[in-house]
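Colleague: Protein chains in written order, with my numbering: chain F, 9 to 429; chain G, 166 to 574.
Even glycine gets a Cβ: it sits at the ideal position worked out from N, Cα and C.
Given the structure is predicted, the values throughout are model-derived calculations rather than measurements.
#1: Is residue 517 of chain G close to the ligand ADP? I mean its beta-carbon at under 6 Å from any heavy atom of the ligand.
#2: Is it right to say residue 205 of chain G is buried, meaning 16 or more other beta carbons lie within 10 angstroms of its own, or is it exposed?
#3: Using the rule of at least 16 other Cβ atoms within 10 Å of the residue's Cβ for burial, across every protein chain shown, is residue 44 of chain F buried or exposed?
#4: If we cut at 7 Å on Cβ distances, does residue 14 of chain F have a partner in chain G?
#5: Taking Cβ-Cβ distances shorter than 9 Å, what residues in chain F pair up with residue 513 of chain G?
#6: Taking the beta strand (DSSP E) that residue 335 of chain G falls in, what are its first and last residues?
#7: Taking only beta-carbon atoms, is residue 335 of chain G less than 7 Å away from chain F?
#8: Quick one: is residue 11 of chain F near chain G, going by C-beta distance under 7 Å?
#9: Just to confirm the assignment, what range does the beta strand (DSSP E) spanning residue 270 of chain F have?
#10: Mind checking which residues open and close the beta strand (DSSP E) that includes residue 290 of chain F?
#11: Under 8 Å, CB to CB, which of the residues in the stretch 232–251 of chain F have a partner in chain G?
#12: Three or more beta-carbon pairs under 8 Å between the stretch 220–230 of chain G and the stretch 292–306 of chain G, yes or no?
#13: Indicate whether residue 265 of chain F and residue 348 of chain F have their beta-carbon atoms separated by less than 7 Å.
#14: Could you tell me which residues DSSP puts in a beta bridge with residue 172 of chain G?
#15: Closest Cβ-Cβ distance between residue 398 of chain G and chain C: below 7 Å?
#16: From residue 125 of chain F to residue 516 of chain G, what does the alpha carbon distance come to, in whole angstroms?
#17: Can you find a C-beta in chain G that's less than 7 Å from the C-beta of residue 384 of chain F?
#18: With 7 Å set as the bound, which would you pick, yes or no: does the beta-carbon of residue 188 of chain G sit closer than that to a beta-carbon of chain F?
#19: Could you tell me whether the Cβ of residue 537 of chain G comes closer than 7 Å to any Cβ of chain F?
#20: Using the three-state DSSP reduction, which class does residue 178 of chain G fall into: helix, strand or coil?
#21: Measure the alpha-carbon distance for residue 235 of chain G versus residue 429 of chain F and round it to whole angstroms.
#22: Taking residue 418 of chain F as part of the alpha helix (DSSP H), name the residues at either end of that continuous run.
#23: Which residues in the same chain have their Cβ closer than 8 Å to the Cβ of residue 377 of chain F, if we skip the five residues on either side of it in sequence?
#24: Just the C-alpha distance for residue 16 of chain F and residue 22 of chain F, rounded to the nearest angstrom, thanks.
#25: Roughly how many angstroms lie between the CA atoms of residue 161 of chain F and residue 259 of chain G, to the nearest whole one?
#26: State the DSSP-derived secondary structure class of residue 22 of chain F, mapped to helix, strand or coil.
#27: Please list the terminal residues of the continuous beta strand (DSSP E) segment that includes residue 349 of chain F.
#28: I'd like to know whether the C-beta of residue 239 of chain G is nearer than 7 Å to at least one C-beta of chain F.
#29: So, is residue 425 of chain F buried or exposed, given that buried needs 16 or more other C-beta atoms within 10 angstroms?
#30: What separation, rounded to the nearest whole angstrom, lies between the Cα atoms of residue 486 of chain G and residue 269 of chain G?
#31: For residue 222 of chain F, which residues in the same chain have their Cβ closer than 6 Å to its Cβ, ignoring the five residues on either side in sequence?
#32: Suppose you measure from the CA of residue 24 of chain F to the CA of residue 391 of chain F; what does that come to, to the nearest Å?
#33: Using DSSP with H/G/I as helix, E/B as strand and the rest coil, what is residue 485 of chain G?
#34: Three-state secondary structure (DSSP) at residue 305 of chain F?
#35: Using a cut-off of 7 Å between C-beta atoms, extract the partners of residue 82 of chain F located in chain G.
#36: Determine the DSSP secondary structure at residue 498 of chain G, reduced to helix, strand or coil.
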C-alpha cells in the first residue's frame, strides 16, 4: 500500500479521481470538510482566507495546547491538502483577484450569510456571468431564503432546530448533543455529494449550478425513523440514553469500560439465539429462560420486565469481562457487540491499523509529524491521499497570484492597498 | 431543470438496511436508475421494521424502509438459485455501479464478488460497504449504526461526564457519515471513469468515515496525549452554551453565546435578573469560571418562557438560539423547513400518502430548482416483470418459467 507521509507525487502513486478539478473553498467550520473531501481525492483546492486568517484557526483544541493560528487542530486537520491565499473580499481589488480565481474554478464552496456575496457583487448571478458552468455551493444555517434565513446559529442551535438534539441524552436530563460539530460536518458531507452530482451533470451539459445547502435540513436527515414514526403511527420518539432500548440492546458495563450490545430487536436475525448460547456455554444456566419464544416478540422486549430480566443475566457476565474479550468472543459468535471506545482505543484498534487507516501529516510550523485519520474510502485505482500539509496563513498567495498572471510588481501593489496578504 | 442530473447511470443495488440503502437513494433521487435486488427469502430487515402505516405490519408498509428507498425500482431475485445469479450478472453487465453493504464474502458466495464481476464487466464501479472493510483481522465482524457509533469513539464522546456514554440515540453513522462518503466516492469514481474509461473497486469500512469526522479529537490524543472525555453540551469557546428548560412538557431551548454583545443581549431578554446581571459575567473568562451558576440562573428564567417565543426574542437581538424541535415540530411547525418544502408527500401504492425527506440541498441553475424525490419506495418486486422484459429481454413464457422455478421470489 502507498503511505501518505511523503508529499507531492509519489512516482508509483496514481493520480486521484478528481485530478484536474479546481475548487475554491472560502468556507468556515461548516464547509472545510467538504473542501477536504475534494482535496484528498486529488482536486486542486485553494483555501481563500481573510487577511488575518480563517476563523477556524482560533478553534481548539490546539497542538501542544498552544493557542496560535498555526496550531489549531481543527484547522490543521480540515485544511491539509489545500493551498492558502489571503484575500480581502470587501476590497474592490481583492474582488478582482477573486473573480480571476472564479474564472478558472469548477466549484466554489462558501458559507457567508445569505446576501453577503450578492452585496459584494459576488453572488451566483454575477459569478455565473464570469464562469457560466460554475458550481457555487452555498452552506448556510437555514438556507438562502425563508423566515429563519438571517437567524444566528451555532452547531448546537442547528442540532436543536433540525430535531436531532431531541433524540440525544437521558430521559431525565436535558437533550444532549452529539460530540464534535456534527451539524456542520453533516452540511459539509451533503455539500460534497451535491457538488459532485452537479459536477457530473456539468460535464454533460456545460451548465452551472447554484447549490443551496441548509445545515438545519442536513441535521433533519439524522432523525432516523422518528419522522416516519410521527407520520405513520402518530408517536413522537424521545431520547433514551442510559436505559436498554429493548431488552438486549444497549450499553453494558464491563471491567474496563462499557460495550454496546445489539442482541435483540433486529428482525429475522439469529443474534438473540447466539447470545443465549454464549451465556449458557459460559456457565450462566439462568440464561436458559431467555429461550422462551416470548423473547422473539419486540413488544415484550420493550417491557421493563424484559429489560430487567436480561440485565440481571447479562450484567454480571459483562462486568466480569473486559470490553476486548466481550467484543472478540461475541463477534466470533456472530453477535453485534462492540466496545465503547475512547479516542485512545480507536488509535490503537488492530483492524484500523491493519488497514493503515491512520496516516502521518507534517505540521510545518513545528516540524512535527502528526497522526491523523486517513482514507474514509479506499478507491483502488485512484488512492485517497493528503497531498500536502495544512497551509500557513496565506502561504500560497504569491504562487496563486502568479498563476493568475499577476507579476511581482502587481502583487506588491495589491498587498500595499490591503487587497491581499 | 426537468432532466435529473444523474439520468443515464444505472446501479445494480444489492444494499439493504440503513447505510447502503441511503447511499443509493442519494443517487436515485437525482436520476440514477437504481434497481434494488430483493427477495422474500432474504428480506431487507427494514421492510420488517416499525413504523408501519397505521401501525399495521406488512412488508410494503414500513416508513423507515420507504424513506431510504425512494426513486428506486425493486426486483425479486433469488440469489441462492444459479439462474438468479445469472440474471444478476446480466443486470450488472448493463450497469455502471454495483453497490452492496454485506459482510465480506457474501457477494463472493453468489459469484458476484469484484473479482468475478470484472471478468465480464471490466469497467464496473464496485462499491463495498462492509462494517470494517474487506480485509484485516476483524473484517468479518458485524454491526449496525449503534455499534459503529461505539467502536468509532463517537458514543464515548457524547453524553454527561458522570453518566454512561449517551451517544446520539440513533444509528447515526448509517444516516449521514457512511451514505455521504460512499456516495461521494462513487460519484468521484464515475467522473474518473467518464474521463478514462476505467472502473474500480471502492472499499468503505463503515467505521472510517465517522472516525474521519472526529479528526481533531483523534489528534488531541495522538499529538497531545489528551483523551477527550464527554462534557454534555459545554463548549470551550462559548459560555453559556447549553440546552435550557422552557415552559411546557419536555420543552427546551439551545443557546450559544459567542461574545460579550450576545451575552448582554441574553441578559436583557431574560429580564436582567440579579442572578445574571453581574459584572463578573461580562467577560468570557468570568462566564467560563462560573458556567454552572450561569446555567442554573438561565434555566430559572427560561423555564417561565415558551421556547418559541424566547427563541424569537433572542434571535431578534442577534443571539444564536433555537427551540429544541422534536419529530412533530420539524414536520408540523417549523416554518423554515416548510418554506423549503423539505417534506415531500408521495402516493405509495399500498401506504397511500406518506412523507419523504427531500435531500437537504437544492440544485438550481439560477431560475429553476430540482424537486425530488418524485417516486415513492417500490413494493417488494414491483418492477420484476418490467426489468425481466426490458433489461433481461425475457418473454412472458420465460418469466413464468423462472417464477415457477423459484428464481423470482
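Modeller: Put simply:
#1: As far as ligands go, the structure on display features none, and thus does not contain the ligand ADP.
#2: Residue 205 of chain G should be labelled exposed.
#3: Here residue 44 of chain F is buried. Its C-beta has 16 or more other C-beta atoms within 10 Å.
#4: Unreliable placement is indicated for residue 14 of chain F, whose pLDDT of 46 sits below 50; no coordinate value is reported for it.
#5: What residue 513 of chain G touches in chain F: nothing, since even the nearest Cβ is about 11 Å away.
#6: Here residue 335 of chain G belongs to no beta strand (DSSP E), and DSSP marks it neither H nor E.
#7: At least one chain F Cβ lies under 7 Å of residue 335 of chain G.
#8: For residue 11 of chain F, the predicted model reports a pLDDT of 45, less than 50, meaning its position is unreliable; a value from the coordinates is still stated below. So, not an interface residue.
#9: That run of the beta strand (DSSP E) goes 265–270.
#10: Premise fails: residue 290 of chain F is in no beta strand (DSSP E) and is neither H nor E.
#11: Per Cβ criterion, the list reads 232, 233, 234, 235, 236, 237, 238, 239, 240, 241, 243, 244, 245, 246, 247, 248, 249 and 250.
#12: With a cut-off of 8 Å on Cβ pairs, the stretch 220–230 of chain G is not in contact with the stretch 292–306 of chain G, counting fewer than three such pairs.
#13: Contact flag set, yes.
#14: None; residue 172 of chain G has no bridge partner.
#15: Judged by its chain identifiers, the structure shown contains no chain C, and its protein chains are F and G.
#16: Put simply, the backbone Cα of residue 125 of chain F is about 44 Å away from that of residue 516 of chain G.
#17: At least one chain G Cβ lies under 7 Å of residue 384 of chain F.
#18: Chain F has no Cβ within less than 7 Å of the Cβ of residue 188 of chain G.
#19: Closer than 7 Å: no.
#20: Three-state DSSP puts residue 178 of chain G in a strand.
#21: Cα atoms of residue 235 of chain G and residue 429 of chain F: separation of roughly 49 Å, rounded to the nearest angstrom.
#22: Where residue 418 of chain F is concerned, the enclosing alpha helix (DSSP H) stretches over 416–425.
#23: Excluding residues within five positions, the ones whose Cβ falls inside 8 Å are 13, 368, 369, 370 and 371.
#24: Low confidence applies to residue 16 of chain F: its pLDDT is 47, below 50, so where it sits in the model is not reliable enough to give any reading.
#25: Whole-angstrom Cα-Cα distance: 47 Å.
#26: In the structure shown, residue 22 of chain F adopts coil according to DSSP, grouped into three states.
#27: DSSP places residue 349 of chain F in no beta strand (DSSP E); its state is neither H nor E.
#28: Not one chain F Cβ lies under 7 Å of residue 239 of chain G.
#29: Classification for residue 425 of chain F: exposed.
#30: Here the alpha carbon of residue 486 of chain G sits roughly 45 Å from the alpha carbon of residue 269 of chain G.
#31: Non-local C-beta neighbours of residue 222 of chain F in its own chain, meaning closer than 6 Å and more than five positions away in sequence, comprise 150 and 151, ordered along the chain.
#32: C-alpha separation (whole angstroms): 6 Å.
#33: Strand.
#34: If DSSP states are grouped into helix, strand and coil, residue 305 of chain F belongs with coil.
#35: By Cβ distance, chain G contributes 381.
#36: Three-state DSSP puts residue 498 of chain G in coil, outside helix and strand.
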